[in-house]
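Numbering-wise (numbering that gives the first Met the number 0), the sequence shown opens with residue 0 and increments by one.
For reference, the structure is listed below as structure tokens.
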Amino acid sequence: MNVRQLEQMFLNSLCQQLMTTTNDKSLKEKACIDTEVDSVAWEARSKDHDSFDVGSAATCLRVAGGSAYRRGLTQSIVLDWIKQRMHSSISDYKSVSGLSRIFFYAMTAPMMRSLLISGLLALGPASLVRSAEAVSAQDCAKCHANETEAWSHSDHAWSMRLASPEAVKAPFSGEETNFDGLFGQFKRGSPESTTDSSPAVIESQMGKGAAPFVIGLKDTAQNEARFTDHRVRYTFGHDPLQQFLIDLGEDRLQVAPFAFDTRPADEGGQQWIHLEAEFGNQRESRFQWHQPLQNWNGMCADCHSRGLSRNYNPAENRFDTQFDAVNVDCQSCHVVTKDHGQAPAQSEQTQGQWVRAAGAPIAHWAGPKRDTSAMEACFGCHSLRAPLTDGFTPARPFLDQFRPEAVVPPFYQADGQIEEEVYVYGSFLQSAMYSAGVQCMDCHDPHSGQVKAEGNTLCLTCHAAEVFDAPDHHLHRVDSTEGQCVSCHMPAKTYMSVDDRRDHRFAVPDPDLASALGSDDVCQSCHEDRWSQFKALAGAAELMEGGHALASQQALSNTSMAAQQLTLLQPRQGARVLALINQDAHPAILRASMLRKYAALGPPDLAPLAVAAAQSLEPVLRLVAADLLDSRAVEQKQRLMSLAQDPLRAVRIAAIDRLRAGQVDLGAILGSADLGSPLSEAGEALVQIAWRGEGRLRLAEVAISDGDAMAAERAFKMAIQLDPFFVGAYLNLSDHYRRLNAQEQSLDALDQGLERSADSSILHYSRGLALVRLNRHSEGKPALLRAVALAPENIDFFYTALLLLEALNERAQGLALVRSRYPEGTVPEPISQLLRRWSLIDGQN
């Protein structure tokens, strides 16, 4: 029995009891008799209570509850009445059963609507809105009016709202647009449509009932001839664009494929846009609006609403998502205690200040070491991370609830710059600012979210103007855009077509390093027309007036750029790396990144580095160690068992995953170590991502580690069913069959993937290899050549294709391909060696 059925059962039971008490005069006077319609509805249902259904029961409660409110009935009276009739010991809101809560909502919803601030508080779509302490933003506003006013206009307040006329920024007046065969139509719903948040329309928020705004979609690529209307349930954001959530089934919401650019028209805004248009003129199948990566419940929900639980059931592939507040409100960041109303003592957070001594160029923190717990709350959403728990709270550390994405490509550039949408955490922790004790709230107002001052004025609160806001420093006019600190130290990247996000590394531009690593060069971004000439005429160190010293020219052991420079190193640099990861002067996240990058080189001296990191006081280093330690080695296995007891959940789960991947008998370990809790934690973390393809692959990996090949096969197939355009699912299913020596099934899995993703280079490459393994070399040739054509930059694909041509005695075609690919004759070494061998063979012939 699922939760919905259970609630219906209780609701039926409660209403049956209500029906048997229709002669209760006090109930009639206080709750039922307000209008003739209410009275007739109540009496009709009471006379036929033996045959009424759950829908009638719910309507009965709504009628009674609505009348109760209109008659001035208070919450306590209703709860007292329920307690008497249900013979319960209900003492507060939290203890009211799901059924009684429905009655409670019915009574209080009109009152709640009268207290709304522009629709900021509303009942939720995925079930009922919960409330841990029944504290809302309106309660906070009674004492914190200024903070509430600042918050009410913030991105947090606008994170998600019911799609009311006040919240929707787009016209919805019949506009139409299209992108790559997908047509969108935006119109108003019927006049009786409503965004009322009372219980009578709770279910309409999940795809039932009317809505004031409708998005029609027609995909000609799928041979759709007519628009299918989708009701808009919620708005997402407000500036510089607004997205919309539309229903897809009774348990989930999806992000509509078109968003509205809310910028002024003279800035290119006030129009509908497709968010993939910035990447070209074709849609990516996996990002289609109805696919998992556009799912609200799993992808977006926990950072746009407070107190959210996904409540995903992997066995049924079903969500029962709930939240406490529709948007990000006060308790998203503040932990409200029972004695909150008392005057708080001064905290360490306020017992200090930034001080710039006379003649000093930069301020320093004077006071006790700063408490970083407030930032931990920020990091929960302003980071690219995987959830470890179903829901999160500001009361717990970030790494106890999430696993952050590593600061390595492809999400970050090789030098640590942002590449994909990574949401600040990983870049800020690399910065000298963070190392010096700077916190988010030093620059941002915590309630409005805006910076505390505009332009260089903000930076000059800590940095001396005569040193930094001068042409001698930035080499541009003081009043110019180029002379703004953020232009060089916080370069912006545009996401979602119109949303500029700034890098929070606050790094010094380094043309040499950018050139060596292929990273973005902030100098070149403005001087593209002259950059090649400059580089040819002058050394990079002399490129700018004043001969700026470049970080890449410093000794590796003396620069925080060491982690990035590792991409230029070769293995067997372990001693050097060990010295660096033990240097506390460098940001811990950079040292962790350095170790992860070094491990990717496959060095033979990795073990002592991982063991050293496992003993670090820095959690991000212990997390990397848990990923790298080899459970087959005795000492490393012991370290992993120790990390499985780490204070932070992210580290514990990583250690358990590593032990399990090494096929360590966790059952035996459980007898000698307290690993039961982290084992269940690892299982909980898996559930949080099981709604998408990658999550099902993790479940398959666990099954393989446990020796259950059939369970692994089921998980792989479910990944394909849930996420049909996820190429990794087909590749892993194929590999699974190959390990089982089921070569034909392995090939079939790849063919199935190519039916969905015909232009996947890795699928063609894998298919070519599968055919070679079946000794069908001639059939494998076109597959490998197709992979090369789709991914010409991939040397491995090209080299493998040349080897196959050699095996087929078609070296002439191989030589022609090499000459075409490298017309200037500069050939990579592996291919050069192959050509020399061919030359010898041909010479002997």
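Quick reminder that beta carbons are idealized off the backbone N, C-alpha and C, glycines included.
- The DSSP assignment places complete alpha helix (DSSP H) segments of no fewer than 4 residues inside the region 370-437 at 372-378, 424-427, 431-435, in order along the chain.
- Taken through DSSP and simplified to helix, strand or coil, G573 comes out as helix.
- By the neighbour-count criterion, in which a residue is buried when 16 or more other Cβ atoms sit within 10 angstroms of its Cβ, M593 is buried.
- In the structure shown, the three-state DSSP call for N222 is coil.
- In this structure, the straight-line span from the alpha carbon of L762 to that of A606 is close to 34 angstroms.
- According to DSSP, residue pairing for E175 in a beta bridge involves Q184.
- In its chain, beyond the 5 residues on either side, L628, S630, A654, R657, L658 have a beta carbon closer than 6 angstroms to the beta carbon of L639.
- With fewer than 16 other Cβ atoms from the protein chains shown falling within 10 Å of its own Cβ, E527 counts as exposed.
- In the DSSP assignment, the residues bridged to L252 are D246.
- Here D338 carries a coil assignment [DSSP, helix/strand/coil].
- The Cβ atoms of A714 and R695 sit closer than 8 angstroms to each other.
- In this structure, DSSP gives G215 an extended state, which the three-state scheme calls strand.
- G425 is a Cβ neighbour of S382, given a cutoff of 8 angstroms.
- L457 has no beta-bridge partner at all, per DSSP.
- Counting every other CB atom within 10 Å of its CB across the protein chains shown gives S135 a total of 16 or more, marking it as buried.
- Taking the Cα positions, F796 is about 34 angstroms away from A574.
- Distance check between S153 and each of F235, Q720, V213 places F235 closest, using alpha-carbon atoms only.
- Collapsing the DSSP output to three states places I361 in a strand.
- In its chain, beyond the 5 residues on either side, S630, R631 have a beta carbon closer than 6 angstroms to the beta carbon of G661.
- For W690, no alpha helix (DSSP H) encloses it, and the DSSP letter there is neither H nor E.
- For V231, the enclosing beta strand (DSSP E) has its first and last residue at 227-235.
- Within the region 451-527, the runs of alpha helix (DSSP H) that reach at least 4 residues and sit entirely inside it are, in chain order, 455-458, 464-467, 470-473, 484-488, 510-516, 521-525.
- Cβ-Cβ separation between S760 and L789: approximately 4 angstroms, consistent with a contact (criterion under 8 angstroms).
- Each of S756, R755, Y764, L773 was checked against the Cα of A741, and the nearest Cα belongs to L773.
- In summary, D370 is exposed, with fewer than 16 beta-carbon neighbours lying within 10 Å of its beta-carbon over all protein chains present.
- Per DSSP, the continuous alpha helix (DSSP H) segment holding A149 begins and ends at 144-151.
- When secondary structure is reduced to three states using DSSP, H585 falls in the coil class, being assigned neither helix nor strand.
- With fewer than 16 neighbouring CB atoms inside 10 Å of its own CB, L616 falls in the exposed class.
- No Cβ-Cβ contact shorter than 8 angstroms links L678 with R697.
- By the neighbour-count criterion, in which 16 or more other beta carbons inside 10 Å mark a residue as buried, L216 falls on the buried side.
- Bounds of the beta strand (DSSP E) holding H273 are 270-273.
- Selection R500, C484, P618, A413 evaluated against D519 yields A413 as nearest (Cα-Cα).
- The three-state secondary structure of D705, taken from DSSP, is coil.
- Between the region 320-333 and the region 397-413, the count of C-beta pairs closer than 8 angstroms stays below three; the two stretches do not touch.
- With a cut-off of 8 angstroms on Cβ pairs, the region 619-626 is in contact with the region 586-601, counting three or more such pairs.
- Counting only residues of its own chain and dropping the five nearest sequence neighbours on each side, H488 has a CB closer than 7 angstroms to the CB of F505, A506.
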